[in-house]
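Remarks on the structure that follows.
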Amino acid sequence: MLRHWLVPAILTVSSALYTVPSLAQEQPKAAVTVAKPVVRDVVDSDEFIGRFEAVDEVTLRSRVGGYLDQVNFKDGAMVKKGDPLFVIDQRPFQTALDVANSSLEVAKSTLTFAEAEFTRTEGLVQKGTLSISTLDDRRRELQSGQANLRGAEASLARAKLDMEYTTIVAPLSGRIDRRLISIGNLVQADQTALTTIVSLDPIDFYFDVDERRVLNYARQAREHGSNLQEGGGSLDVLVTIADSTEKPFKGKLDFAENRVDQETGTMRVRARFDNPNFVLQPGLFGRVQVSASNTYKGILVPDEAIGADQDQRVVYVVAEDGSFTTKPVRLGPRLYGYRVIREGLTGDETLVVNGLTRLRPGVIVDPKLVVLPPEAAATTENGQ
Numbered sequence: 224m225l226r227h228w229l230v231p232a233i234l235t236v237s238s239a240l241y242t243v244p245s246l247a248q249e250q251p252k253a254a255v256t257v258a259k260p261v262v263r264d265v266v267d268s269d270e271f272i273g274r275f276e277a278v279d280e281v282t283l284r285s286r287v288g289g290y291l292d293q294v295n296f297k298d299g300a301m302v303k304k305g306d307p308l309f310v311i312d313q314r315p316f317q318t319a320l321d322v323a324n325s326s327l328e329v330a331k332s333t334l335t336f337a338e339a340e341f342t343r344t345e346g347l348v349q350k351g352t353l354s355i356s357t358l359d360d361r362r363r364e365l366q367s368g369q370a371n372l373r374g375a376e377a378s379l380a381r382a383k384l385d386m387e388y389t390t391i392v393a394p395l396s397g398r399i400d401r402r403l404i405s406i407g408n409l410v411q412a413d414q415t416a417l418t419t420i421v422s423l424d425p426i427d428f429y430f431d432v433d434e435r436r437v438l439n440y441a442r443q444a445r446e447h448g449s450n451l452q453e454g455g456g457s458l459d460v461l462v463t464i465a466d467s468t469e470k471p472f473k474g475k476l477d478f479a480e481n482r483v484d485q486e487t488g489t490m491r492v493r494a495r496f497d498n499p500n501f502v503l504q505p506g507l508f509g510r511v512q513v514s515a516s517n518t519y520k521g522i523l524v525p526d527e528a529i530g531a532d533q534d535q536r537v538v539y540v541v542a543e544d545g546s547f548t549t550k551p552v553r554l555g556p557r558l559y560g561y562r563v564i565r566e567g568l569t570g571d572e573t574l575v576v577n578g579l580t581r582l583r584p585g586v587i588v589d590p591k592l593v594v595l596p597p598e599a600a601a602t603t604e605n606g607q
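For the sequence shown, counting from 1, position 228 maps to 451 in my numbering; every step adds exactly one.
See below:
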């Protein structure tokens with residue numbers, strides 16, 4: 224009885240053992256996308272937060288006092304240098320100008336008479352008809368007439384200048400703010416603020432740089448035959464604003480302060496940007512990237528190709544037989560939409576760039592090869 228029971232059991236176990244390797248052989252391959260890294264010239268960059276400021280900014284005040292008579296601009300409009308913006312009531316100044324003109328004519332007439340008297344007296348003195356003291360009196364009157372003429376000319380020039388000052392013109396081209404005073408109000412000379420104007424093209428961007436990077440930029444500046452305070456040899460910078468639809472704006476470093484702040488350990492640096500469309504506005508925050516190295520051959524991979532193995536970052540290298548191995552890498556910054564690999568790759572490897580979740584120890588992959596573009600399509604110029 225026992226003998227008959229053992230035979231089916233042995234057959235069952237043998238059948239099970241026979242089917243195990245067969246199932247392993249039929250296990251499907253993991254479909255993944257593979258590609259070689261992008262190898263291209265790159266330049267490392269540092270990123271800072273800063274704010275835009277106008278190159279030129281002016282608060283308009285009148286040089287003469289009086290009642291505001293005209294406002295010749297629209298709030299927030301673009302104005303050009305020399306555009307008339309405000310007009311102070313000109314009637315008192317026109318009257319003063321007329322008086323100055325009259326005084327000048329009187330001074331000219333008086334001087335003409337004094338010159339004639341001096342000439343006549345001088346002739347009579349030579350003939351002995353008049354005394355020398357009389358000639359001295361006529362000389363004094365002549366000199367007084369000359370001085371009065373100069374004074375009248377100066378008064379006329381002042382009256383003309385005051386008349387000119389009644390029209391307040393734009394001292395620079397840019398965007399004007401709202402008017403701060405209405406028509407009919409009294410304007411105090413050199414005191415009452417009328418409005419402000421800021422220039423927009425070009426525009427400056429200020430940011431603070433820590434000591435370590437200051438030394439790095441100073442070294443680069445020396446390599447360009449310049450110094451950091453004069454712009455560091457025109458180091459290239461890119462700035463990105465909050466509007467993600469706008470591509471980064473290209474500019475150049477053109478100034479740095481002459482000392483490091485002892486309290487913060489930073490130096491204030493300035494970059495200048497062309498702004499022909501007036502997209503950049505004073506007061507806007509932005510993220511600026513400054514070139515932090517010379518050009519070198521960089522190895523770049525998508526972030527999606529990078530995995531984690533405990534405390535290190537790894538990539539998955541595929542062999543010709545479909546097997547794969549992990550390779551530790553040291554990461555650098557993001558550039559051109561990819562991640563720079565500092566160490567761990569030569570650039571000739573075939574990496575898994577999509578489908579990392581399907582990878583298991585011992586799994587054979589079914590690779591689909593793609594070619595990565597030099598710059599990721601959906602990225603901005605600075606690769607962010």
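Every residue, glycine too, gets a C-beta built ideally from N, C-alpha and C.
Asked                                                                                                                                                             : Found
Use the C-beta contact count for A494: other C-beta atoms within 10 angstroms, 16 or more gives buried, fewer gives exposed.                                      : buried
Using CA coordinates, which residue listed in R557, V511, P505 and Q512 is at the minimum distance from E608?                                                     : Outside the shown range of the chain, which is 224 to 607, sits residue 608, and nothing can be said about it.
Helix or strand or just coil, what does DSSP make of G509?                                                                                                        : strand
Short check: CB of V511 to CB of G299, under 8 Å?                                                                                                                 : no
According to DSSP, is Y539 helix, strand or coil?                                                                                                                 : strand
On a Cα-Cα basis, can you pick out the residue from E566, R482, G555 and D424 that is closest to D279?                                                            : D424
Can you round the beta-carbon distance between V540 and E572 to whole angstroms, since I take them to be within the 8 Å contact cut?                              : 5 Å
If you draw a straight line from the C-alpha of L246 to the C-alpha of V588, how long is it?                                                                      : Interpretation of L246 is limited by its pLDDT of 44, a score under 50 that renders its predicted location unreliable; no figure is taken from the coordinates.
Where are the beta strand (DSSP E) runs, 3 residues long or more, that stay fully inside the region 279-310, in chain order?                                      : 280-284 and 289-294
DSSP three-state call for A382: helix, strand or coil?                                                                                                            : helix
Here's the rule I'm using: 16 or more other beta-carbon atoms within 10 Å means buried, otherwise exposed. How should A339 be labelled?                           : exposed
From the DSSP output, which residues share a beta bridge with K473?                                                                                               : L461
Throw me the rounded Cβ distance for the V492 and L476 pair, which I believe falls under 8 Å.                                                                     : 7 Å
Terminal residues of the continuous beta strand (DSSP E) containing N517?                                                                                         : Here N517 belongs to no beta strand (DSSP E), and DSSP marks it neither H nor E.
Compute the beta-carbon to beta-carbon distance between V287 and A412, rounded to the nearest angstrom, for a pair I have assumed lies under 8 Å.                 : 5 Å
I'd like the list of long-range same chain contacts for S367, defined as Cβ closer than 8 Å, with 5 residues on each side in sequence excluded.                   : A337
Where do the N-terminal and C-terminal ends of the alpha helix (DSSP H) with V322 fall, by residue?                                                               : R314 to K350
Quick check: what's the CA-CA separation for E446 versus F309?                                                                                                    : 51 Å
Report the option in L574, P597 and P584 whose CA atom is closest to the CA atom of P590.                                                                         : L574
If you follow the beta strand (DSSP E) that L558 is in, where does it begin and where does it stop?                                                               : F547 to L558
When the Cα atoms are used, what is the spatial distance from T282 to T419?                                                                                       : 4 Å
Tell me, please, whether the region 342-358 touches the region 383-394 by the rule of three or more beta-carbon pairs shorter than 8 Å.                           : no
Note down the Cα distance separating V483 from A277, rounded to an integer number of angstroms.                                                                   : 23 Å
Per DSSP, T489 forms a beta bridge with which residues?                                                                                                           : D433
Using a Cβ distance threshold of 8 Å, determine whether the region 507-521 contacts the region 428-438, with at least three qualifying pairs required.            : yes
For G570, I'd like the list of residues in its chain whose CB is within less than 7 Å of its CB, leaving aside the five on either flank, ordered along the chain. : P260, V262 and I522
Name the two residues that bound the continuous beta strand (DSSP E) containing T390.                                                                             : T390 to V392
Starting from N577, trace the beta strand (DSSP E) in both directions and tell me its first and last residue.                                                     : L574 to N577
At the level of alpha carbons, what is the spacing between I391 and D312?                                                                                         : 12 Å
How many Å lie between A531 and K470 at the Cα?                                                                                                                   : 32 Å
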